[in-house]
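If you count the sequence shown from 1, you need to add 667 to reach the working numbering.
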Amino acid sequence: MRHDEIEAYGRERFLAELRRDLESKRYRPDAVLWVLIPKAKGWERPPSIPTVRDRVLQAAVKLVLAPIFEADFTADAYGYRPRRNAHDAVREVHRSLNAGYMHVVDADLSKYFDTTLHPELPRSVSRRASDGAILHLIKR
């Protein structure tokens, strides 16, 4: 279903059905749509696009897990953090250079999810989160 179809169907009804599927353990993720996005250096990025239903569930899982992992990040990490952005990182670099620091370290995990061992992800998450239902959803 597209967003507008969910609105016509009824947002509350849509969410109630998703909740019922989760509670009864009948939830199964839908197939994703694979597309190729051309990139500047001649390669193509192959993101998978989940259905709106699966994306709603992913957002809910993120709401549960984000605070757990956020506690592990250092104050000087800026990527994909709530209330932080690239402009904040640049301001911090500027402040540090003005304070006499001479080096900047920029790390980027290029194509991480293209190259990681996917069975390792749930194991890694389970080291910090112990809710069996959440871990089961991540494995799916």
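Backbone N, C-alpha and C define an ideal beta-carbon position, used for all residues, glycine too.
For residue i, the first and last residue of its enclosing alpha helix (DSSP H)
i, result
"THR782", "779–782"
"SER797", "Looking at the DSSP string, SER797 is not in any alpha helix (DSSP H), and its letter there is neither H nor E."
"ASN765", "753–765"
"ARG678", "678–690"
Nearest candidate by alpha-carbon position, reference residue i, set the options
i, options, result
"VAL772", "HIS785, GLU674 and VAL757", "VAL757"
"PRO786", "GLY767, ASP798, ARG807 and ASP775", "ARG807"
For residue i, the three-state DSSP class (helix, strand or coil)
i, result
"ARG712", "strand"
"PRO717", "coil"
"PRO705", "strand"
"LEU776", "coil"
Cβ-based neighbour list, residue i, same chain, cut-off 8 angstroms, excluding 5 preceding and 5 following
i, result
"VAL760", "VAL771"
"ARG720", "MET668, PHE681, LEU685 and ASP697"
"PHE736", "ARG795"
Cβ neighbours of residue i in the same chain (closer than 6 angstroms, five flanking residues each side left out)
i, result
"PRO705", "GLU711"
"LEU700", "ILE716"
Contacting residues, own chain, Cβ-Cβ under 7 angstroms from residue i (five flanking each side not counted)
i, result
"VAL723", "LEU685"
"ASP755", "TYR745"
* Asked: Just checking, does the region 677–688 make contact with the region 706–714 on the three C-beta pairs under 8 angstroms criterion?
  -> no
* If we count Cβ pairs, one from each stretch, closer than 8 angstroms, do we get three or more for the region 795–804 versus the region 744–760? -> no
* To do: Could you tell me whether the region 787–794 touches the region 670–682, using the rule of 3 or more Cβ pairs below 8 angstroms?
  => no
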